[in-house]
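This report refers to the structure that appears directly beneath it.
Residue numbers (this note's numbering): 410 to 1417.
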């Protein structure tokens, strides 16, 4: 086991360790473990490590700069810091200290030294620690063993054994899974548990609204949905929260406060976590797999399919607060409207319930009329003031209610101003004459705040529509001990609290935020405070999207662009595609140098491609490549051309594979081979495009080269490569190799917890089992694929399952079942624009009609399929279409045309290297030749068919055996046996062929 573990290890030593060299090594080698040997100090609440500069002299770098090394390398799970004082943490300031800071960079564990370690102890520790890890031990166990070995070998009188300290984020301490079985070679991802769902926000001092709540309950009970609308501050969220709370004992409540700029993907991500919390982990696992592997997530359409399928009949009540933010998102209209339209039947059918809270009625057609909130009645206003300890003279209170029109938020703010004023009547008089009541009230309130409270309100305003912890507000305002002021502001309804990931977060209501941000903060103040927020989110409470957002709002576009482009899939995988794209679109190109602007365009291209905005994606990629081709002398420009070309090929692969091929060739010519993922990805994509064009041998060569570039790296490309390689081998007739590759890819997809890829591979295996004659296994795999397709609502998979089950039942002779499946496949393909499967469904139905001797209908179906294929690039389907056309002409007696089509089918299959199709083509040609009386040529064609089909497709082989046997018997019966002189015993040979074919038909349960 130890020898195998040693073979699994790869080591890269970085000499003369400058930050540039380390960053380059991290990006190219992408290690699982980072081991630093050097010096470190801790002074003035800050950790420093000593690296080299370009002249070879020592340079101290801060903990923040050091942590940046790990910013975009998802593979690194463990850092070992053999530097003195690297384990020291601050006792007064949270999130400070080098080791804890590295954990925020998504590392699972950090081993650091509290003080200098002797060389001998360091050697013993490293040897023992890494041996244990390589053998599969958890990291905490490996540290304990290594400490014990130091204690034993160095001596108990030394304190070296106590110097290494472990900082751990992985719950079970296992950073790596070392599998004994080579089939399990792919590292299994540890999927983190979902966060606890957002609770219904607490409603302090809520009063009245009983008639409104009764109407809402009636709508929810009768229609399954209610929409609550009204002006800002009128109390919509409070009514919605109170309503949801009344159903908490009957339903699982999903409460999501929509934020400005977010799109449907954010809601999907939150729903994924919510459903995983309640036991349905499919979509959460898939999204986390993409996040942990740095891969693109499944498309929002596919994710929406899964949600629609799995939200129903689960006793879910979905509550979307501030829904207007979703509709105002610049890009989200189409996807959002489609999703809402698909939710509507679930609501009408009683399978799901929804509460939508918005400033105005949503654009989609609601199930029932919206409940529009008016201002509170006078009695309710007085009760609200009393419930919030705002005791005013009755006359003053009534006058205040008139001025605020019963708006609860405005009333509470105004009442605080009046209560604190030495001259309340003066306040009321000014309320009556102020151009903006809200502006006047907020400025009056601010004047009565303490300096500390005023700072916190300005800090909260900088967060804009986001909520934030007290720590970020302290960073923005350069203050400490903020909790008393924040609690006081919350109690006075100046801040709202939301349950955050780590602790309570604070959010400023929109009625206050606009005035504080634009009215009470000067632009230079806003800029400086945004910069502090950006630094905090970049280095402390790591959130790259928020860091980029604050840099953007500070006008620091270079920093924003750097964050958004260095690892944009990690941000996208947290549900931010729309907000990230909006920031990228807002970056001024003239303010960004090359090649940073080109990186922005590539990121725009990839995100637009993911969001299925093909035109915008294409423009972005073309702009980037055109610009980069004039910068080829700049370092990295060639690889950027490679990434842009990869994106273009991804966009065009299915619709225009020939054009995709030209882009990939440009990318391969430009890339410089120092980026492993790019070099591998371009070649694997090239192989997939060759496969789509029917050039399977070229596809195999490209994919195998790409996989060799990847080596043992645990990446989704390992799955993609093997899946596409299997496709090539399948169409070349090597079914056993195809099956082996798909089985390995399936193991890897399960290890990577990528359920969507597992779904497609399960279907591929079902097709392979069917072709190999293992039909019970095929039906089992089809059932598994169908269930996964149902769970995911995947129409493509459902179409393919129906298509292939129809083909299987056609071969079995179960014509009613075959017709049902093939008709369903054709309807699904037509409804959803799946042209490739529509063509296949058409000629598969034609095959069934030929077997049913319904010639006219078969001919019409084949003509429709031919028209569809004429405008496509799916050449691999054409040999089968031509074969079926030949059989149709054979049935009608047009032997000349039948022979021409059979020969064309055979020639095309041979050109494309499709050996299995060539074998079936030889059989069809033999049938036509036999019907034309060319018996010698027919026998030769059948024998060639047997040669090509042997060991590939048992059903096709049995059909060829039966045709040859019948032809031999006809020749023998005619007495013209001289044409069979090359066969030693024609009669016995025919009998053997018949017996073999009959046995296979019986095994396959063929109905004659």
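Where a beta carbon is used, it is the ideal one built from N, C-alpha and C, also for glycine. It should be emphasised that the depicted structure is a prediction, and the values quoted were computed from it without experimental measurement.
Along the beta strand (DSSP E) that carries residue 666, what are the first and last residues, could you check?
661 to 666
With residue 779 as the anchor, note down where its beta strand (DSSP E) starts and where it stops.
Premise fails: residue 779 is in no beta strand (DSSP E) and is neither H nor E.
Just curious, the beta strand (DSSP E) that residue 455 is in, first and last residue?
455 to 461
Residue 776 versus residue 753: straight-line alpha-carbon distance, rounded:
Their backbone Cα atoms lie some 8 Å apart in a straight line.
Buried or exposed for residue 835, going by 16 or more other Cβ atoms inside 10 Å?
Here residue 835 is exposed: its Cβ has fewer than 16 other Cβ atoms, across all protein chains shown, within 10 Å.
Check whether the Cβ atoms of residue 1158 and residue 1212 lie closer than 8 Å to each other.
no
Helix, strand or coil at residue 812 [DSSP, three-state]
helix
Residue 449 in three-state terms, based on DSSP:
strand
Using the rule of at least 16 other Cβ atoms within 10 Å of the residue's Cβ for burial, across every protein chain shown, is residue 741 buried or exposed?
With a pLDDT of only 47 at residue 741, under 50, the local geometry of the prediction cannot be trusted, and no value is derived from it.
Exposed or buried, which one is residue 1017 when buried takes at least 16 other CB atoms within 10 Å?
buried
Counting C-beta neighbours from all protein chains within 10 Å, is the total for residue 1397 16 or more, i.e. buried, or is it exposed?
Counting the other CB atoms within 10 Å of its CB gives residue 1397 a total below 16, which places it among the exposed residues.
Among 1104, 508, 957, which residue has its Cα nearest to the Cα of residue 456?
508
Applying the criterion that 16 or more other CB atoms from any shown protein chain within 10 Å of the CB defines a buried residue, is residue 900 buried or exposed?
exposed
Beta-carbon proximity of residue 1091 to residue 1073, cut-off 8 Å:
yes
Roughly how far, in whole angstroms, is the beta-carbon of residue 914 from the beta-carbon of residue 877, given that I think they are within contact range, below 8 Å?
6 Å
Would you identify the three-state DSSP class for residue 640, choosing helix, strand or coil?
coil
Quick check on the burial criterion: 16 or more other C-beta atoms within 10 angstroms. Buried or exposed for residue 800?
exposed
Opposite residue 913 in the DSSP bridges: which residues?
DSSP output for residue 913 lists 908 as bridge partner(s).
First and last residue of the alpha helix (DSSP H) that includes residue 893?
892 to 900
Would you mind stating whether residue 751 and residue 660 have Cβ atoms separated by less than 8 Å?
no
Inter-residue spacing [alpha-carbon to alpha-carbon] between residue 462 and residue 431
Cα to Cα, the separation comes out at about 12 Å.
Assuming residue 1406 and residue 1379 are in contact, meaning their beta carbons sit under 8 Å apart, how far apart are those beta carbons, in whole angstroms?
That belief does not hold up - the Cβ atoms of residue 1406 and residue 1379 are roughly 16 Å apart, past 8 Å.
Less than 7 Å between the CB of residue 1288 and some heavy atom of the ligand GTP, yes or no?
No copy of the ligand GTP occurs in the structure displayed, which carries no ligand at all.
Close-in-space but distant-in-sequence residues of the same chain around residue 1312 (CB under 7 Å, 5 per side omitted):
1334
Where the beta strand (DSSP E) containing residue 615 begins and where it ends
Residue 615 -> no beta strand (DSSP E), and no H or E assigned at all.
My guess is that residue 1248 and residue 1292 are in contact by the Cβ rule of under 8 Å, so how many angstroms apart are they, rounded?
About 14 Å; that fails the 8 Å criterion.
Contact set for residue 726: own chain, Cβ-Cβ below 6 Å, skip 5 residues either direction
656, 660, 662, 762
Between 1009, 612, 436, 855, which has its C-alpha nearest residue 1032's C-alpha?
1009
Closest to residue 1316 by CA distance: which of 1339, 1340, 1341, 1289 is it?
Residue 1316 has its Cα closest to that of 1289, out of 1339, 1340, 1341, 1289.
With a 10 Å radius around its C-beta and 16 neighbouring C-beta atoms as the bar for buried, classify residue 722 as buried or exposed.
exposed
Could you say if the region 881 to 893 and the region 934 to 943 meet the contact criterion of at least three C-beta pairs nearer than 8 Å?
yes
At the level of alpha carbons, what is the spacing between residue 1364 and residue 672?
51 Å
Return yes when the Cβ of residue 747 is within less than 8 Å of the Cβ of residue 1199, no when it is not.
No; because the gap between Cβ atoms is not below 8 Å, this pair is not in contact.
With the cut-off set at 8 Å, would you say residue 1062 and residue 1029 are in Cβ contact?
no
For residue 643 versus residue 780, is the C-beta distance shorter than 8 Å?
Not in contact: residue 643 and residue 780 (Cβ atoms no closer than 8 Å).
State the DSSP-derived secondary structure class of residue 765, mapped to helix, strand or coil.
strand
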